[in-house]
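Using the working numbering, you'd call the opening residue of the sequence shown number 15 and step up by one each time.
Structure first, commentary second.
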Amino acid sequence: MIRFDYLEIIKKQLLDFEFQSAEHLLRAEKILKAESKFNETVSPDEIEKFITFFKTNGSAYVSLIQNKALQAILSGNLVYFYIELKTPQAHGLASIFEMDEELFKTFAVDFQENIWHFFMILIQNDKWELVYDFLKNVPSIFSFINSEKLFELLDEKLSVLSKHLLAATLSRATHLNLEYCIHPFFYSCLSHLNARYFNNRIVGIYNQFIHLRTNTDTVDTTWVCKVLFSIGQFEVLKYENKKLLYETKIEVLKELYYKDKNYYYLYEPLKNTANVVKRRQWYWLSIILFGILIMMTILLVVNYIL
């Protein structure tokens with residue numbers, strides 16, 4: 015991983031630092047080596063890696079690296095990114111990544127360790143909405159390797175939940191280790207990555223939590239309601255299951271209003287995201303109304319002829 019946070023050290027002494035400048039890179043190397051003598055977090059090996067990388071690639075990515083949002087991602091600065099920028103769109107990342115597809119493919123590969131480190135910080139802090147924002151709006155930031163790693167990580171998290179369900183070990187003590195289960199956007203990420211692959215497992219987990227909700231005293235029912243609400247974000251394949259998950263989502267949300275108002279107000283705006291159910295209902299209603307209109311037209315024509 016390129017220690018992009020070294021930039022902060024360099025810019026304290028070299029305010030106009032330019033990646034593509036051989037002279038600036040030489041001065042940057044001297045600054046970092048001096049810093050390493052009394053700062054244990056600055057490693058000689060990582061200094062060499064940093065300087066070598068920018069000697070080779072600095073000019074290719076100079077316009078990108080100057081973007082503050084990308085700087086925050088490459089240096090793993092979650093605080094800056096989450097507080098200042100909120101979402102990828104807030105700083106134009108989606109449009110930036112659409113400008114030069116080939117450039118961003120190589121960027122995603124060359125910086126894939128830094129990018130993965132940033133997403134691990136997001137996941138460890140349960141910032142699933144941001145992860146989903148990137149998957150949906152800036153997919154080019156994921157190299158093939160990082161896409162596979164993200165898929166495997168989320169697959170493993172779902173497997174951990176399934177194991178707890180099978181072993182009946184979902185006590186209140188395990189809830190903290192399964193915090194991601196009560197985040198709706200965790201399931202949005204699963205849908206986006208591969209809804210078909212995860213579909214049957216999600217339906218199975220949903221059924222087990224429905225059973226838990228009414229048949230056990232060992233699990234916090236408020237937590238179960240949060241899981242059921244969150245699962246409602248997953249885009250299951252069959253209409254019958256979509257309708258079932260949507261109805262459960264609305265039902266448990268009403269219960270959460272009394273059990274955990276903070277959670278309710280945080281995620282209440284998501285209650286109608288299962289628009290596919292409503293669209294399907296409107297589709298059949300429109301078919302019926304159209305049929306009635308045709309019948310009335312035929313009757314009027316027949317009466318006119320007679």
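We treat Cβ as the ideally placed atom computed from N, Cα and C, and that holds for glycine.
Task: Close beta carbons around I302, own chain, < 7 Å, minus the five adjacent residues each side - done: none
Task: Backbone secondary structure at I16 - three-state DSSP - done: coil
TODO: Could you have a look at M113 and say whether DSSP puts it in helix, strand or coil?
DONE: coil
TODO: Determine the direct distance from the alpha carbon of Q222 to that of E166, and round the result to whole angstroms.
DONE: 23 Å
- [ ] Measuring alpha carbon to alpha carbon, tell me which of F64, V76, I219, T70 ends up nearest L179.
- [x] I219
TODO: Quick one: measure Cβ to Cβ for L164 and F156, integer angstroms, because I've assumed they're closer than 8 Å.
DONE: 7 Å
Task: Straight-line gap, E19 to V233 (C-alpha atoms, nearest Å) - done: Before going further, note that residue 19 is Asp rather than Glu in the sequence given. In a straight line, the C-alpha of D19 is about 43 Å away from that of V233.
TODO: Specify the secondary structure class of D234 as computed by DSSP and reduced to three states.
DONE: coil
Task: Segments of 4+ residues assigned as alpha helix (DSSP H) that fall wholly inside the stretch 126-186 - done: 126-138, 142-151, 158-181
Task: Residue from Q85, L144, T55, E43 whose Cα sits closest to the Cα of T66 - done: E43
Task: First and last residue of the uninterrupted alpha helix (DSSP H) at K257 - done: 253-273
Task: Under the three-state DSSP convention, the category N81 falls into - done: coil
Task: Per-residue burial, A48 [other beta carbons within 10 Å of its own, 16 or more giving buried] - done: exposed
Open item on the list: Using a Cβ distance threshold of 8 Å, determine whether the stretch 188-205 contacts the stretch 268-276, with at least three qualifying pairs required.
Closed with: no
- [ ] Hey, could you find the ends of the alpha helix (DSSP H) Q222 is sitting in?
- [x] 198-229
Task: Endpoints, alpha helix (DSSP H) assigned at S50 - done: 36-50
Task: Simplified DSSP state of L21, which is helix, strand or coil - done: helix
Task: Close-in-space but distant-in-sequence residues of the same chain around I129 (CB under 8 Å, 5 per side omitted) - done: I87, L88, A122, I155, F156, S157, N160
Open item on the list: Can you tell me whether T55 is helix, strand or coil according to DSSP?
Closed with: coil
- [ ] Would you check if the distance between the CB atom of C239 and the CB atom of L280 is smaller than 8 Å?
- [x] no
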